[in-house]
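Only one structure is covered here, and it is reproduced in the block below.
4 protein chains.
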Amino acid sequence: MTTKNAKVALVGASGYVGEELVRLLLGHPHADLVAATSRQFAGQTLAEIFPRFAHDEKANGLKFSDADPKQLARDAEIIFLALPHGLAAEFAKPLVQAGVRVVDLSADFRVNDAAVYKEFYGHDQVAPELLAESVYGLPEIYRDKIRDAKLVACPGCYPTSILLPMLPLVREKLVGPKNVLVTSLSGVTGAGRKVEADYLFAECNESMRPYGVPKHRHLAEIEQELSIAAGKKITIQFTPHLVPVNRGIISTIYVDVTNKIHIAAIDSVFENGYGSEPFVRLLGKGRLPDTKNVVGTNFIDIACKIDNRTGRLILMSAIDNIVKGASGQAIQCFNLMRGFPETAGLL
Amino acid sequence: MTTKNAKVALVGASGYVGEELVRLLLGHPHADLVAATSRQFAGQTLAEIFPRFAHDEKANGLKFSDADPKQLARDAEIIFLALPHGLAAEFAKPLVQAGVRVVDLSADFRVNDAAVYKEFYGHDQVAPELLAESVYGLPEIYRDKIRDAKLVACPGCYPTSILLPMLPLVREKLVGPKNVLVTSLSGVTGAGRKVEADYLFAECNESMRPYGVPKHRHLAEIEQELSIAAGKKITIQFTPHLVPVNRGIISTIYVDVTNKIHIAAIDSVFENGYGSEPFVRLLGKGRLPDTKNVVGTNFIDIACKIDNRTGRLILMSAIDNIVKGASGQAIQCFNLMRGFPETAGLL
Amino acid sequence: MTTKNAKVALVGASGYVGEELVRLLLGHPHADLVAATSRQFAGQTLAEIFPRFAHDEKANGLKFSDADPKQLARDAEIIFLALPHGLAAEFAKPLVQAGVRVVDLSADFRVNDAAVYKEFYGHDQVAPELLAESVYGLPEIYRDKIRDAKLVACPGCYPTSILLPMLPLVREKLVGPKNVLVTSLSGVTGAGRKVEADYLFAECNESMRPYGVPKHRHLAEIEQELSIAAGKKITIQFTPHLVPVNRGIISTIYVDVTNKIHIAAIDSVFENGYGSEPFVRLLGKGRLPDTKNVVGTNFIDIACKIDNRTGRLILMSAIDNIVKGASGQAIQCFNLMRGFPETAGLL
Amino acid sequence: MTTKNAKVALVGASGYVGEELVRLLLGHPHADLVAATSRQFAGQTLAEIFPRFAHDEKANGLKFSDADPKQLARDAEIIFLALPHGLAAEFAKPLVQAGVRVVDLSADFRVNDAAVYKEFYGHDQVAPELLAESVYGLPEIYRDKIRDAKLVACPGCYPTSILLPMLPLVREKLVGPKNVLVTSLSGVTGAGRKVEADYLFAECNESMRPYGVPKHRHLAEIEQELSIAAGKKITIQFTPHLVPVNRGIISTIYVDVTNKIHIAAIDSVFENGYGSEPFVRLLGKGRLPDTKNVVGTNFIDIACKIDNRTGRLILMSAIDNIVKGASGQAIQCFNLMRGFPETAGLL
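Residue numbers (our numbering), protein chains in the order written: chain V, 110 to 456; chain S, 110 to 456; chain G, 110 to 456; chain A, 110 to 456.
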């Protein structure tokens, strides 16, 4: 079978997520990057802005352009949006109308309910008419829908690290809807390439700190997906922490187990759910996740322990926030959308 | 009032806790360090082993010696033990018998119940007859007992960061005995100066990982002290994480609040309990703890938030694991024991 | 002798150097901080802006104010300027005229020759009439002049780390004027609290890079002081590198030795020059400097080795760029100016 | 052309260099890893020991074995040795005798002169009879010899970073043989996975330090290769520094230029020498190397500046010490030896 390569464009390429998408797309065997936009860098080549790609022929040939939806819609068949929320929805509208398929990495199309979106993001969802078409881009859960999606809303980094360990157990009713508590640790790229004093080296190095307490925006999509899986409303506790590493997320999740349950039952649900997933690694007995084993990859490492003293299950996961938590997962969706091998460009 | 200086000795001075005790004792206005022992470094001066103190006259004059309890008991009136558990109790016995006061930084005398000690530490408590005399060295809670104690068991680093935020609320019954969950993040010195592959730079840097799941040893003393304060048995969930910083602990604690409670009530309990404590800083509205504000100091920073969505209280604290979590707290106890100003040598 | 405390003010308190001056002044036994200025933070207390000092009574009582030279001149007898170059000289003028003594931490008064200043800083020296009065604030070299100075120009961080090892050897003609090469490594606070993308955590962490090649501004003062000591013009090679630590400088200096010389002669010059200096630590045989031994202190650690293969002397030094390289040295000068013990507030 | 895959084995797979070779070989399109040896891990699979490869089928199927030269010689046609010096030569002997081609990553066969080897390594070269056959594995310099080599001695990490910028200029006599000085900065993996106190996280983090002054072992091979290129003996000054990053080397090299030379001449030599090299990136005007642009890759980034004030040329380079400085370069040699595309498995 000789599948034709896909012409793709990337809008908003200058942040960490955009740069990682450039890396993945330049190395992708079936993607032709035809345009990358950045207001800030327009006119300069990708190689000039990202010295990591200085050797790459394509990166030397391709210049950042201003984002012109019409032009992009003519040149590309799938367009990745790595834009701030709000802006992303605005940009997606004409593209979807023009029939181009969109992989959006912002939060704009993750939350199905525009009212919930507004509650968490503080402004109206700009393109609510597109919500019905958008698919939540978690391949392990929505693989089939992603294949045919016109608009994929890539999950947030924390949600990816929390939903993948929880969803199989929630669906099987092994985990109750109450008393779900999550503590996450994130590397500093999680904040994006924001030029703010809080993210200066000397403010983050030798520092650890909770933030976004108690109502981080990612709760909107986490609770949405958990509730869908449970068939009833799930409200969780979630506290992210900033840690001085470049990349990585650890999520440690506490759940009440519905009744006296053996770890073998949990393992079996995971094995059934994820045994053949290419990017989910179930850590065996005695193993705990460590971000250094996943950084730079699209894997999620998942471990679980039952605490007999408290009757609780402890789920732990590790991902690279920029890869499985953003750009890698976007590529995984892209592969599905175009019928390429799901792991193409990701191993 | 002219108080005479105290002659003190330090047994097991070569780890991070020992080195920090050296630093604090060299700078203490009322302590005369008369001996420091270390099998490994016997015969070398403190200045030779710890280049940070290369300028210090006392550090140049004092050589590490082998630990001879009889000699130490003759030379010093208060002796700090910075030894591994098991060894510490063995060493404390002859000292206490000889009438010397002991400040022990190991876990040996923290757990009142020898059976619980054995459950968590895997071997018998070596000197159970001393348990009745030992005082848990948390000055904010046991100040008066510490003053007269013959044997002070300095709390562990995690317990310090967890108990100080919780105890006032538990005592006032504002916090129920159920559903207490704690996630802690610790810098790598928390593991001591252990020469093991797991703590090599390249294994810890750019890494985050949970460990000790689900039954970390510190649970023994945490639950003991919570249970004493509550007047009934409290079992908690606790997950520590290793984070690539040298020093610092963040503890994020989730508790159910017994009934609909306003944050003002919590604040008021903290204000009553800690308003005049020299080393407890209650962070005001909107402030969250950050280890970089406490590293190198004996302070604990405490913040709390009520999450109205979940009806839970979130307590957050930051300490330096080596100072307030070990050596600084030991000095604070020492000051109490000898009637020196509690902050002497610590500000 | 009961010396009256000195009333001091700090202008431009919001950067890393300013914050460290606040720390040192709050803890200084003979300094009363009567004013701290910051346009950005005017109206807020020092404790609010710097959570490290949240417990400090003075930090809670003192609010940042706008900088009003007249008012400051009335209230303080010595004023520290932690301002950008250019601005500092402008601010110093009215203060010096009003008879207040000034300790300036910018580069404005370090370079005696206004033409050289312009060559390296790209603009005119704003107050050239003050150059004649200004003293280069390296206490080990200009101690007596500093005592009586109206205006002290505190040395730059790199210059401090380079001049202290070199000057005694240059003065004794043991080191030739040619072929001096210096490579320095600096922590990121060396760039100040500049909110620029280059200094974001993820741009500095896991990164090492040379910068300012080949003509870093600090060359102006380094060559000036070397030339004064040598009695003839010395031009050197100097390359700084940015390294992912918060604080610290390592300077590795290569010099031709004028003739076949034994290390003992070098050691003896150092011993004579620095044997009784309170903040210079000459590392003994086999010891090499490590920034972790000086960070947070006002010490400079100096080591030297002769390479018989090449006939060169290698000098190595370590300082804390913010303490001995800036704020600590400023306090050392202040102590001299007011006749306080030179180490007051610094040990 | 259908080249058959190469059967390869890896001896001493448990260090950082070995682990990286595993990574590169598992992903190599033309290499079949048939054996990996490690005394410490014998009997366990690669996937068990290296959790990064937990998903990899081959890593799950292959167990570490004890190193049996005879068996290895039967099973593999090219064998990588990632052993300590001394041990490597001993191991290479029977392999070379058995007709297997060897890529050695130790220092044993880098130094042509056994007396020089002994001077720098403190013990006799164990297999001096093989020195005549060994080729120094710097593809940019010895490409043709490597193709036919029976025994390749992969260059050290520092030598790679120093020789590549210097050799073209030395060969063209643009750089004099005198006054070559190099300062290098290395990440901590450069020390290997040595379980020693000096390399514990808290000893390296927030630390910068020179070491190996003045006669680091790598001088032997650096001076050998420079001297060969110059046609006369070159002695250089070299000081390595340890910096708290996992990976990366920056080398800053000062050379006297033989006569008044324009940067264009230097650029032209580099362009001629390296313009078509797949792994050498010549940084353009105004660009300086940064390790973060090369970490994880086999590239070397090279920049140069002329300092008109001093008449010196400053060469700067950045590599990943484990990739271009060790395992990646070994794979590059391997590709040459077997006639695979030189970049196979490396881009």
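Ideal Cβ positions, reconstructed from N, Cα and C, are used throughout, including at glycine.
Query                                                                                                                         : Result
Cβ pair count under 8 Å reaching 3, the segment 318 to 332 of chain V against the segment 343 to 350 of chain V               : yes
Member of A373(A), A224(A), N169(A), D217(A) whose CA lies at the smallest distance from the CA of L278(A)                    : A373(A)
9 Å Cβ cut-off: residues of chain G touching S316(A)                                                                          : V354, G357, D399, T400, K401, N402, V404
Per-residue contacts from A163(V) into chain A (C-beta, under 7 Å)                                                            : R390
The segment 285 to 303 of chain S: positions lying closer than 9 Å to chain A by Cβ                                           : G296, V297, T298, A300, R302, K303
With 16 other Cβ atoms within 10 Å as the buried cut-off, status of E305(V)                                                   : exposed
For A185(A), three-class secondary structure by DSSP                                                                          : coil
C-beta neighbour in chain G for A306(V), strict 9 Å                                                                           : yes
Range of the contiguous alpha helix (DSSP H) that encloses L346(A)                                                            : Residue identity check: residue 346(A) is Gln in the sequence provided, not Leu. Note, Q346(A): premise wrong, no alpha helix (DSSP H); beta strand (DSSP E) at 345 to 351.
Minimum Cβ-Cβ distance from M110(S) to chain V less than 9 Å                                                                  : Bear in mind that a pLDDT of 47 at M110(S), under 50, signals an unreliable position, so the model cannot answer this.
Rounded C-alpha distance that separates D177(G) from D184(G)                                                                  : 11 Å
Exposed unless 16 or more other CB atoms sit within 10 angstroms - verdict on G265(S)                                         : buried
Rounded straight-line distance, which links the Cα of D416(A) to that of V235(G)                                              : 29 Å
Distance, G357(S) Cα to P160(G) Cα                                                                                            : 16 Å
Backbone CA spacing between M275(G) and L335(G) [nearest angstrom]                                                            : 8 Å
Simplified DSSP assignment, three categories, for M110(S)                                                                     : Residue placement at M110(S) cannot be trusted, given a pLDDT of 47 that sits under 50; the coordinates are not used to answer.
Local conformation of T367(A) per DSSP, three classes                                                                         : coil
Backbone CA spacing between S123(G) and Q438(G) [nearest angstrom]                                                            : 18 Å
Rounded separation between I428(G) and A262(V) - CA only                                                                      : 51 Å
Proximity test, Cβ basis, 9 Å: F310(S) and chain G                                                                            : no
Interface residues of chain A facing Y320(S) [CB-CB closer than 9 Å]                                                          : Those do not exist, as Y320(S) stays about 14 Å from chain A at its closest Cβ, beyond 9 Å.
Nearest residue (CA-CA) to L328(G), options K179(G), G195(G), L171(G), E228(G)                                                : E228(G)
Outcome for H232(G) when other beta-carbon atoms lying within 10 angstroms are tallied against a minimum of 16                : exposed
Where the beta strand (DSSP E) containing T292(G) begins and where it ends                                                    : 289 to 295
Closer than 9 Å to chain V by CB, F150(A)                                                                                     : no
Proximity below 9 Å, CB of F408(A) to CB of V389(A)                                                                           : yes
Beta-carbon contacts of A140(V) that lie in its chain and below 6 Å, excluding the five residues immediately before and after : A115, V117, L134
For G296(S), the nearest candidate out of P286(S), R318(S), V289(S) (CA to CA)                                                : R318(S)
Spatial neighbours of A151(S) in its chain, beta-carbon cut-off 8 Å, leaving aside the 5 residues before and after            : K172, F173, S174, D175
Burial state of M110(V) (16 or more Cβ within 10 Å)                                                                           : The pLDDT assigned to M110(V) is 47, lower than 50, so where the model puts this residue is not dependable, and the model offers no usable value.
Exposed unless 16 or more other CB atoms sit within 10 angstroms - verdict on V126(A)                                         : buried
Residues of the segment 166 to 194 of chain S with Cβ closer than 8 Å to any Cβ of chain V, in chain order                    : none
Same chain only: Cβ atoms within 7 Å of L192(V), ignoring 5 sequence neighbours per side                                      : V120, G121, F200, S215
Assumed close pair L260(A), V225(A) - CB separation to whole angstroms, cut-off 8 Å                                           : Their Cβ separation, rounded to whole angstroms, is 18 Å, which puts L260(A) and V225(A) out of contact at 8 Å.
For D429(V), the three-state DSSP class (helix, strand or coil)                                                               : coil
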